[in-house]
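Residue numbers (the numbering used here): 320 to 1599.
The beta-carbon is built from N, C-alpha and C at its ideal position, and this holds for glycine as well.
Take a look at the structure below.
Here is the structure:
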């Protein structure tokens, strides 16, 4: 053994805190040299000594050191208090731990994360003991180990177990490192009425327990540090004066008591009889009975010890709910209502014994009250308090034994005392009464109000005796005598104000109690004297514990002992699968005479029965230890000796910690991206885009050609789909027309044309046009390299309408330079425009821009009957001429009044034509059709028809669909061996947020059911010894959103997912330089490259949903084998090969169930008839002949039913909406349907169980089914 080297280097020396008292500094010096117990009065600053000690040795465990220190406290309420003190006085990183945080389910990595983060761990001792036993923490990692209230270290307390099981074991090793021990107590002895001569023995036992083998190592001498006399301490901490307060006990009249008790017994019988007439679960009935018994006991106690009035208050307190008071714990609503009704009736019964009338009041305590209303003990308490009435700001704690006494005294004193002064009373009670529990928040609020002076008197149980930092008091009253010397010293220590008093209320004539309390008074002095006189006596080694057999796991060092084996078995059983009718627990059959114990574990456990024969005193512990060993060897306990279910739950917690970045890439298909070619000729593959509608209109579709550098796959290049317009549906057909070589100047001309047209359509202005066309030339680098050009009729020499494309080069200034099908090339056809003089043959089909208002228009003809002098009809003003309008509205004077006006219309607005649109009239733009003076128009494109521009309006939506299909195609290429339609893959990667004509939800529902079925079948065969809880936990981990998302991301599925509604404004115009969009190459595989167009927000669940939808897509198109192939590719490894599972030796099924009847009913012949028995056996039927219950088969069968029904609905109703499919599935796949089918087939008659509640539930279900069967069907099971 090696003691932690606590000789601090001078450079590392940490000075005591400047406000430390002399005795605290002296105690610190002692503790720095050797293990020390500080024995000082309550309120003398023991915690500050511990803090200074930690500061002194902080260099040993400051991060990144793997070591740490532990501060142990006996109560949860002290964890926060001591941790806050450490944070306030040090810069150490402090962690806090208590049971309700769920630390029972933490594993080694979780604990490692804690000790890597924090330097001091403040916790209750049971947590450290458990972590040490499971080897999540080891003692050699701890540098300083502090025991607050260390007098608890005795017997089987966790303090003692830590020291005996670990500390002393390590002391025996020559190489082990043990921590510095520092204990704190106000009384090293915790005994009741023993001889004063025995105190040193108790102190020496505590010394030896907290440090042994002192004879071998001088540095191991344990020092109990205390002040040599009280005068030293008294200079800093005032002492109270203890005194007896005697009262004459007077019992309440016997007839009155007998009457009240009879009323309570009668009410209890009536309520219990009423319960027997109701159809309640046995657990509910037992819970109500147990609480009624406790309530009656509490009321009776108040009646005998405090009086009739206090008994009434007790009954009333049980009958009302308070926000800060958890009265019933975990009770059902019916149970709570039933108990409150009893308490209310009890209150009314007791109230009959309370006087009434206008002149009666309990507040006048000095006036003689009716016999029995309050006891003489209560009167004595009130008189004692009133003796201090002159202290307006009194601080007083009244210690009582029972919680109910604290509650009723608070109520009583708040009635009495306001008559005499302004004192306010509250109570504080612990959480282990079994009937009442006050919230920790309320406890802290009361203590804080006491500190601020808002509360003057606290009536408290022993919770305020030790540890809690409570305001010093003028007065402490022991209403009930202290149970032991430790309790006495701690409660007396609360009176720390100058001239404070400690009153001990004792019945006059009770010499036994008086004698015991007198021993307590002299015992404190005796303990101090004994501690000082024996301070140099070395500790004695602990004797070997012959009953301390230990099972240790070599790989981890985890242990289980006699003392921990029973709790571990119960904990293991608590993690097994259960239901409302059966809670798995171990069953013991003990024969002490024969020294034999049989342990029977639940059917879902891998070990069913364990036998032990030996010492009759430790049979239960021994058989549990043997069972723990068997469970570990069977794998049911991990190498850290925790249930396998806890390990799986920890895995689930870790899944939630897997990092996922919600900012994910959005892919763009490589087929539409390429490097600019430096060759004189570039080959493009052209596809005709033909649109057709059935709705009438004055606009007609023109064919447009899509040119790509690569030839598209056949299911993309020859496909059809539909668009939605406000007028109706548009059918789009894509067909391959051939490959053509284009010269560089032709490619540039095509790009200039499409950029010009699309920018104007997208922006409705020409502001961005110059920037988009700036520097347009063939150059190195990536670009969206595809063409969208107008098409001629097929009978012409060229499919590309070059005349329309060349309209982008409109630069003519002379009328005779440009004409299109113009028969009259004379002066009458020449009009003035912003471009100069133009022929009407150009202006009548053009895309023009009017600078005066920034609008863009399409022209479709010349209005020869209108000119600037024509009358313009105005809607909201007096009619005038066009010339007057422009002059008044735009301050423009028209110069060519005789020239005809142009017939124009506003440029078309782009929409998302991929989602369903209501067929309604599109909102008219303000004067959609307008008359335009030519001289105000700047021609952008001419000639180009309105029909052609109208057709180009739909191209962003068309290309969005083609881009999406290409993305789906590239994903499909990545998935080997199986080929399904690309449109099905696209459906699977399209989320509902896209608002497209289809989305993934139906496929997701189908894929989800198959995924669960495949995983369940795989797990059922792979882990044939695992119970249903473990199987479900593993399954949940395999199919959780976190796992599926990780699998999807590993295959880079996130980039393929479409999760945003198409917005034409954000569409990427082909031909513009790649710098505008920042395309980034993303290499997926040897054969697949994708381009990242941008990044977008994508939730983890969306990725998981797409994985399930793709499973559904491959299942629906290629069958189960195709779905399994995809699952294997994405990373979900399942073995679907059916194999025989090795089962337990065959049982005689015919003796347990009617096999022949069941086989005829099910129309199936079982090869292994034990499966039939297993399927019919409930967990409560614990007979050795049946090794398993139905839980494993239920696990598998549930997934099979879910999959078969979902597959049926999906195939039977192919046009069903995803929402309706989900509703129909929910209506069919539920317990109600299953139960009705079982009842209809009389399967319920063959279920093997031993649960009264289950029997009642089955009977009730059968009755309800028989009553309702004539008026309703079995939900989805009988519907078509």
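Handout entry: Beta-carbon proximity check, residue 1327 vs residue 1427, cutoff 8 Å
Key = The residue you call residue 1327 lines up with position 1008 of the chain shown. The residue you call residue 1427 lines up with position 1108 of the chain shown. Yes, they are a contact pair.
Practice task
Might you give, ordered along the chain, the residues of its own chain that have their beta carbon closer than 8 Å to the beta carbon of residue 1054, omitting 5 neighbours on each side?
Solution key: As a working note, residue 1054 is residue 735 in the chain shown. 1006, 1007, 1009, 1036 and 1037.
Handout entry: With 16 other Cβ atoms within 10 Å as the buried cut-off, status of residue 952
Key = If you number the chain shown from 1, residue 952 lands on position 633. By the 10 Å Cβ count, residue 952 comes out exposed.
Problem - Short Cβ contact (8 Å threshold) for residue 916 with residue 904 - result: Your numbering for residue 916 matches position 597 in the chain shown. Your numbering for residue 904 matches position 585 in the chain shown. Taking C-beta atoms as the reference points, residue 916 and residue 904 fail to come closer than 8 Å.
Practice task
Identify every residue that forms a DSSP beta bridge with residue 1015.
Solution key: Position 696 of the chain shown holds residue 1015. Beta-bridge pairing links residue 1015 to no other residue.
Exercise for the section: Check the DSSP bridge columns for residue 917 and list the partner residues they point to. Expected result: Indexing the chain shown from 1 puts residue 917 at position 598. Note: residue 917 sits in a beta bridge opposite 908 and 930.
Problem - Cutoff 7 Å; reference residue 803; Cβ partners in own chain excluding five residues on either side - result: Stepping through the chain shown from its first residue, residue 803 is reached at position 484. The residues are 509, 510 and 511.
Exercise for the section: With DSSP as the reference, label residue 1453 as helix, strand or coil. Expected result: For the purposes of this step, residue 1453 is taken as the residue at position 1134 of the chain shown. Judged by DSSP in its simplified three-state form, residue 1453 adopts coil rather than helix or strand.
Exercise for the section: Just the C-alpha distance for residue 595 and residue 1345, rounded to the nearest angstrom, thanks. Expected result: Looking up residue 595 in the chain shown gives position 276. Looking up residue 1345 in the chain shown gives position 1026. Those two C-alpha atoms are separated by around 40 Å.
Practice task
May I ask you to report which of helix, strand or coil DSSP gives residue 988?
Solution key: Against the chain shown, residue 988 aligns to sequence position 669. Reduced to three states, the DSSP call for residue 988 is coil.
Problem - Any alpha helix (DSSP H) of 4 or more consecutive residues that is wholly inside the stretch 1017 to 1059 - result: 1033 to 1036
Problem - Where residue 639 sits in the DSSP three-state scheme - result: Counted from its first residue, the chain shown places residue 639 at position 320. Collapsing the DSSP output to three states places residue 639 in coil.
Exercise for the section: Ignore the nearest five residues each way along the sequence and tell me which others in residue 1366's own chain have a CB closer than 8 Å to its CB. Expected result: Your numbering for residue 1366 matches position 1047 in the chain shown. Answer for residue 1366: 1426, 1449, 1450 and 1451, listed in chain order.
Exercise for the section: Return the CA-CA distance between residue 1412 and residue 992, expressed in angstroms with no decimal places. Expected result: By one-based count along the chain shown, residue 1412 stands at place 1093. By one-based count along the chain shown, residue 992 stands at place 673. Rounded to the nearest angstrom, the two C-alpha atoms are 11 Å apart.
Problem - Simplified DSSP assignment, three categories, for residue 820 - result: As a working mapping, residue 820 is identified with position 501 in the chain shown. Three-state DSSP puts residue 820 in a strand.
Practice task
Taking the CB atoms as reference points, tell me whether residue 559 and residue 820 lie closer together than 8 Å.
Solution key: In the chain shown, counting from the first residue as 1, residue 559 sits at position 240. In the chain shown, counting from the first residue as 1, residue 820 sits at position 501. Result yes, Cβ atoms of residue 559 and residue 820 sit closer than 8 Å.
Problem - N-terminal and C-terminal residue of the beta strand (DSSP E) that residue 718 is part of - result: The residue labelled residue 718 in the question sits at position 399 within the chain shown. Residue 718 -> beta strand (DSSP E) spans 715 to 718.
Problem - Delimiting residues of the beta strand (DSSP E) encompassing residue 1401 - result: The residue labelled residue 1401 in the question sits at position 1082 within the chain shown. Segment 1399 to 1402, the beta strand (DSSP E) holding residue 1401.
Handout entry: Inter-residue spacing [alpha-carbon to alpha-carbon] between residue 490 and residue 834
Key = In the chain shown, counting from the first residue as 1, residue 490 sits at position 171. In the chain shown, counting from the first residue as 1, residue 834 sits at position 515. When rounded, the distance between both Cα atoms is 42 Å.
Problem - Beta-carbon proximity check, residue 1233 vs residue 1381, cutoff 8 Å - result: The residue given as residue 1233 occupies position 914 in the chain shown. The residue given as residue 1381 occupies position 1062 in the chain shown. Yes, these two residues count as a Cβ contact at 8 Å.
Exercise for the section: In angstroms with no decimal places, state the Cα-to-Cα distance between residue 1273 and residue 1229. Expected result: Residue 1273 sits at position 954 when you count from the first residue of the chain shown. Residue 1229 sits at position 910 when you count from the first residue of the chain shown. Using only the alpha carbons, I get a separation of about 7 Å.
Problem - Cβ-based neighbour list, residue 343, same chain, cut-off 7 Å, excluding 5 preceding and 5 following - result: Mapped onto the chain shown, residue 343 falls at position 24. 364, 367 and 368, listed in sequence order.
Exercise for the section: Have a look at residue 1316 and residue 1289 and give me their C-alpha separation to the nearest angstrom. Expected result: The residue given as residue 1316 occupies position 997 in the chain shown. The residue given as residue 1289 occupies position 970 in the chain shown. Residue 1316 and residue 1289: Cα-Cα distance of roughly 21 Å.
Handout entry: Limits of the beta strand (DSSP E) - the one that residue 561 falls within
Key = Taking the chain shown and counting its residues from 1, the one referred to as residue 561 is at position 242. From DSSP, the beta strand (DSSP E) with residue 561 extends over 560 to 566.
Problem - Secondary structure of residue 759, DSSP reduced to three states - result: Mapped onto the chain shown, residue 759 falls at position 440. Note: residue 759 maps to helix in three-state DSSP.
Exercise for the section: Using only alpha-carbon positions, find the residue among 480, 1102, 1049 and 1179 that is nearest to residue 261. Expected result: The shown model of the chain, from 320 to 1599, leaves out residue 261, and the question about it has no answer.
Handout entry: Proximity to residue 957 [Cα-Cα], best of 576, 1096, 878 and 1061
Key = The residue labelled residue 957 in the question sits at position 638 within the chain shown. The option with the nearest alpha carbon to residue 957 is 878.
Practice task
Identify every run of the beta strand (DSSP E) within the stretch 406 to 451, keeping only runs that are complete inside it and at least 3 residues long; order them along the chain.
Solution key: 413 to 416 and 439 to 442
Problem - residue 553 (DSSP reduced to helix, strand or coil) - result: In the chain shown, counting from the first residue as 1, residue 553 sits at position 234. Bear in mind that a pLDDT of 45 at residue 553, under 50, signals an unreliable position, so the model cannot answer this.
Problem - Paired residues, beta bridge with residue 747 - DSSP - result: Reading the chain shown from its first residue, position 428 is the one you call residue 747. Looking at the DSSP assignment, residue 747 forms a beta bridge with 779.
Handout entry: Between the CA atoms of residue 1546 and residue 1083 - distance to the nearest angstrom
Key = Numbered from 1 along the chain shown, position 764 holds the residue referred to as residue 1083. Numbered from 1 along the chain shown, position 1227 holds the residue referred to as residue 1546. Going by the C-alpha atoms only, they are around 52 Å apart.
Practice task
Determine, using beta carbons only, whether residue 748 and residue 780 come nearer to each other than 8 Å.
Solution key: Position 429 of the chain shown, counted from the first residue, corresponds to residue 748. Position 461 of the chain shown, counted from the first residue, corresponds to residue 780. Yes, these two residues count as a Cβ contact at 8 Å.
Exercise for the section: Pick out whichever of 1180, 624 and 1257 has its Cα sitting closest to the Cα of residue 1174. Expected result: Locating residue 1174 in the chain shown gives position 855, where the first residue counts as 1. Closest option to residue 1174, Cα to Cα, is 1257.
Practice task
Give me the Cβ distance between residue 1046 and residue 1269, rounded to the nearest whole Å; I'm assuming they're in contact under 8 Å.
Solution key: The residue labelled residue 1046 in the question sits at position 727 within the chain shown. The residue labelled residue 1269 in the question sits at position 950 within the chain shown. Not a contact, Cβ separation roughly 12 Å.
Problem - Sequence-distant residues of the same chain with beta carbon closer than 6 Å to residue 642, five excluded per side - result: As a first step, residue 642 must be located in the chain shown, where it is residue number 323. Residue confidence is low: residue 642 scores 36 on pLDDT, short of 50, so the model does not pin down where it sits. Its coordinate-derived value is still stated next. None.
Exercise for the section: Check the DSSP bridge columns for residue 1252 and list the partner residues they point to. Expected result: Reading the chain shown from its first residue, position 933 is the one you call residue 1252. According to DSSP, residue 1252 bridges with nothing at all.
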